[in-house]
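J.: In terms of the numbering used here, the sequence shown has 10 at position 10, counting the first letter as 1, and numbering is strictly consecutive.
Backbone N, C-alpha and C define an ideal beta-carbon position, used for all residues, glycine too.
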Amino acid sequence: MKKILIGIMLMFTLSSCYTTKYIVEGAHKLDGVYSNPQACSTNTNGNAYEDTYVTIIPESIDPKINLTIWNKYTSSIRVLWDEAAYIDVTGNTHRVIHTGVKFTDKEKAQVASVIPAGAKLEDVAVPVECIELIGGTWTIIPFESYKFDSLTEAENLVSILEKDPNLCGCTLLLPILVDDKKIEYTLRFNGEKYSISSKEEFDEEAT
1 MKKILIGIML
11 MFTLSSCYTT
21 KYIVEGAHKL
31 DGVYSNPQAC
41 STNTNGNAYE
51 DTYVTIIPES
61 IDPKINLTIW
71 NKYTSSIRVL
81 WDEAAYIDVT
91 GNTHRVIHTG
101 VKFTDKEKAQ
111 VASVIPAGAK
121 LEDVAVPVEC
131 IELIGGTWTI
141 IPFESYKFDS
151 LTEAENLVSI
161 LEKDPNLCGC
171 TLLLPILVDD
181 KKIEYTLRFN
191 GEKYSISSKE
201 EFDEEAT
């Protein structure tokens, strides 16, 4: 009987260490792409961007940005991941890593991705702050500003964002090296298709 009581008390203690978090999630649509220096013959059509050197097709599903980059140039180009950055809705800048980099190496220097002439690269950029080791597993999590303790708070944010998509925009700075010229592509997104999910998170302060 004593062991049973201890087991019940232990289960109660562990369960009380978890709290429910409500997370606002949403997809983003491409609002515009800008380059510095200006690339020739630029064109943004729907969810794709095209200029003399590249065609970029991005898809943003917070906090990840899926990228397809076609090299239209006559020689190889390089994506400079170590100089890339994710700018969140509050204007804060975040380092990103991409497919092929181990989450355990998220703070280390990254080798540029080479795209041969006429070839394409399919990749994913993720802010390092959204990668955490949870329960022994590396997991992609939302920004803290999108997590709430109550469903009402999350619903209030969704209501605000649906009225003004610009409030939930994000930006990806993507430097690409063409010959010896570095072109900084700035991909701007607006928010859409919001939803709310919930999950149990371990509360260290409750232990």
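Can you name the start and end residues of the alpha helix (DSSP H) that residue 162 belongs to?
T.: 151 to 163
J.: Between the Cα of residue 93 and those of 196, 172, 198, 176, spot the shortest distance and give me the residue it belongs to.
T.: Cα-wise, what sits closest to residue 93 is 172.
J.: If you follow the beta strand (DSSP E) that residue 70 is in, where does it begin and where does it stop?
T.: Segment 64 to 71, the beta strand (DSSP E) holding residue 70.
J.: For residue 30 and residue 187, what's the separation of their Cα atoms in angstroms?
T.: Taking the straight line from one Cα to the other gives about 7 Å.
J.: With contact counted as at least three CB pairs below 8 Å, one residue from each stretch, are the region 88 to 108 and the region 42 to 57 in contact?
T.: no
J.: Do residue 142 and residue 62 have their C-beta atoms within less than 8 Å of each other?
T.: Closer than 8 Å, so yes.
J.: Return yes when the Cβ of residue 64 is within less than 8 Å of the Cβ of residue 124, no when it is not.
T.: yes
J.: Does the pairing of the region 157 to 164 with the region 104 to 115 give three or more beta-carbon distances under 8 Å?
T.: no
J.: Are the CB atoms of residue 24 and residue 176 nearer to each other than 8 Å?
T.: Cβ atoms of residue 24 and residue 176: not closer than 8 Å.
J.: If I measure Cβ to Cβ from residue 197 and keep anything under 8 Å in the same chain, skipping five residues before and after, which residues do I get?
T.: Excluding the 5 residues flanking it on each side, residue 197 has same chain C-beta neighbours closer than 8 Å at 22, 23, 25, in chain order.
J.: In angstroms with no decimal places, state the Cα-to-Cα distance between residue 184 and residue 133.
T.: 32 Å
J.: Are the beta-carbon atoms belonging to residue 86 and residue 58 less than 8 Å from one another?
T.: no
J.: Where DSSP assigns a beta bridge to residue 59, which residues make up the other side?
T.: 66
J.: In this structure, does DSSP put residue 185 in helix, strand or coil?
T.: Strand.
J.: Going by C-alpha to C-alpha distance, which of 178, 96, 189 sits closest to residue 74?
T.: Taking residue 74 as reference, the option from 178, 96, 189 with the minimal CA-CA separation is 178.
J.: Can you list, in chain order, the residues of its chain with a C-beta nearer than 6 Å to that of residue 48? Leave out the 5 residues immediately preceding and following it.
T.: 57
J.: Is the beta carbon of residue 39 less than 8 Å from the beta carbon of residue 174?
T.: no
J.: Taking buried to mean at least 16 other C-beta atoms within 10 Å of its own C-beta, is residue 71 buried or exposed?
T.: buried
J.: Determine the closest residue to residue 102 out of 68, 120, 137, 51, with distance taken between C-alpha atoms.
T.: Selected option, being the one with the closest Cα: 137.
J.: Quick one: what does DSSP say residue 105 is sitting in, helix, strand or coil?
T.: Residue 105 sits in a helix when the DSSP states are folded into three classes.
J.: What is the DSSP secondary structure of residue 86, reduced to helix, strand or coil?
T.: strand
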